[in-house]
Amino acid sequence: MRILMDEKGRKYIAHNEEFHTNFGFIKKEDIEKGMPGDVLKTHLGHKFKVLKANINDYIDLMERKCSIILPKDIGIIIATTGIGCGDKIIDAGTGAGATALHFGNVVGEKGAVYSYEIRKDFAEIAKRNIEGFGLENVHIKCKNILDGIDEENIDLIFLDLPKPWDVIENARSALKVGGYIATYTPYIEQMQILHKVLKKYEFTNVKTIECILREIEVKNKGTRPKTRAVGHTGYLTFARNL
Ligand SMILES: C[S@@+](CC[C@H](N)C(=O)[O-])C[C@H]1O[C@@H](n2cnc3c(N)ncnc32)[C@H](O)[C@@H]1O
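In terms of the numbering used here, the sequence shown is residues 61 to 302.
Dropping the structure here:
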């Protein structure tokens with residue numbers, strides 16, 4: 061997928077059709093011919109650079125009807141659980157498919173992601189999103205994960221749904237020895253229940269973290285943390301199956 065980036069770094073999908081903005085329009089034939097690296101000009105002379113979308117560009121622009129896990133949190137999930145090429149991952153719920161896309165990107169062609177989504181309309185959006193990015197190793201399943209996990213020998217089970225503790229018993233039998241469970245919960249009370257249930261099912265290395273990101277603004281006047289920031293996303297709880 062190609063995108064167009066304006067002089068301020070704003071991104072737009074480059075559909076093969078005439079492109080209209082507040083800065084003028086670009087002709088359909090120019091858009092069709094535009095290759096990554098090319099600069100296209102609107103009829104008013106404003107420049108747009110053609111880029112091949114990377115996974116973050118794609119997720120920023122794809123269709124979605126629910127919140128998604130942000131890069132700051134997905135990065136920590138990937139690094140903490142050490143997932144990599146060839147691994148098998150369960151992801152639930154799918155939502156728009158952002159986490160499924162990131163996991164699919166990391167495990168590569170030799171790995172697989174099985175993503176469970178209870179809502180048919182969301183599962184369909186996620187399927188379109190995954191196909192649009194061209195990943196063949198991500199399998200969207202329209203299924204309530206509480207009804208059971210079909211796969212075994214899993215390296216990571218990631219849960220982003222309201223009551224993740226209800227999945228822990230089934231998760232234990234689906235996980236490899238040494239495999240991880242990781243959950244994302246917005247509230248402390250959810251995280252406290254999780255700790256109790258993870259210990260009940262004898263998971264080890266149970267820990268919760270919160271990632272607080274502070275961007276620094278560099279201006280002529282001075283350099284300081286941005287005054288506007290995301291205050292809180294969620295608590296990330298990790299545990300290992302031994
Ligand atoms: C916040 S969204 C997940 C977002 C996703 N992690 C992402 O980054 O794109 C939570 C999803 O879980 C789904 N869900 C809730 N309970 C579920 C269950 N028991 N089984 C499968 N999916 C479920 C909801 O329908 C919703 O789409």
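Cβ coordinates follow ideal geometry from the N, Cα and C atoms, glycine included.
Three-state secondary structure (DSSP) at residue i?
i, result
"S233", "helix"
"K256", "helix"
"H106", "coil"
"T287", "coil"
"R274", "coil"
"K201", "strand"
"G164", "helix"
"N189", "helix"
Grab me the residues of residue i's own chain with a C-beta within less than 6 Å of its C-beta, minus the 5 sequence neighbours each way, in chain order.
i, result
"L273", "K132"
"I137", "A242"
Could you name the residues of the same chain whose beta carbon sits closer than 7 Å to that of residue i, not counting the 5 residues immediately before and after it, in chain order?
i, result
"K71", "I63, M65, D117, D120, L121"
"I205", "A152, Y176, V227"
Would you mind sorting residue i into buried or exposed? The rule is 16 or more other CB atoms within 10 Å of its CB.
i, result
"A365", "The shown model of the chain, from 61 to 302, leaves out residue 365, and the question about it has no answer."
"G238", "exposed"
"I248", "exposed"
"E177", "buried"
"K148", "buried"
"S175", "buried"
"I269", "exposed"
"K194", "Before going on, a small fix: residue 194 reads as Gly here, not Lys. It counts as exposed."
"N213", "exposed"
"G164", "buried"
Under 8 Å from any heavy atom of ligand 1, does the C-beta of residue i make it?
i, result
"N204", "yes"
"D147", "no"
"F298", "no"
"S233", "no"
"P222", "yes"
"G192", "no"
"E211", "no"
"C271", "no"
"I136", "no"
"Y72", "no"
"I128", "yes"
Here's a check: name, in chain order, each residue in its chain whose Cβ is nearer than 8 Å to the Cβ of residue i, leaving out the five neighbours to either side.
i, result
"P285", "R274, E275, I276, E277"
"N265", "F298, A299, R300"
"F182", "K125, C126, G153, T154, G155, A156"
- Evaluate the contact criterion for the stretch 144 to 162 versus the stretch 83 to 100: three or more CB pairs, one atom per stretch, below 8 Å. no
- Message: Pairs of beta-carbons, one from the stretch 242 to 256 and one from the stretch 185 to 204, closer than 8 Å: are there three or more?
- Response: no
- Could you tell me whether the stretch 101 to 112 touches the stretch 75 to 84, using the rule of 3 or more Cβ pairs below 8 Å? yes
- Message: Tell me whether the stretch 198 to 218 and the stretch 248 to 264 touch, counting them as touching only if at least three CB pairs, one residue from each stretch, are closer than 8 Å.
- Response: no
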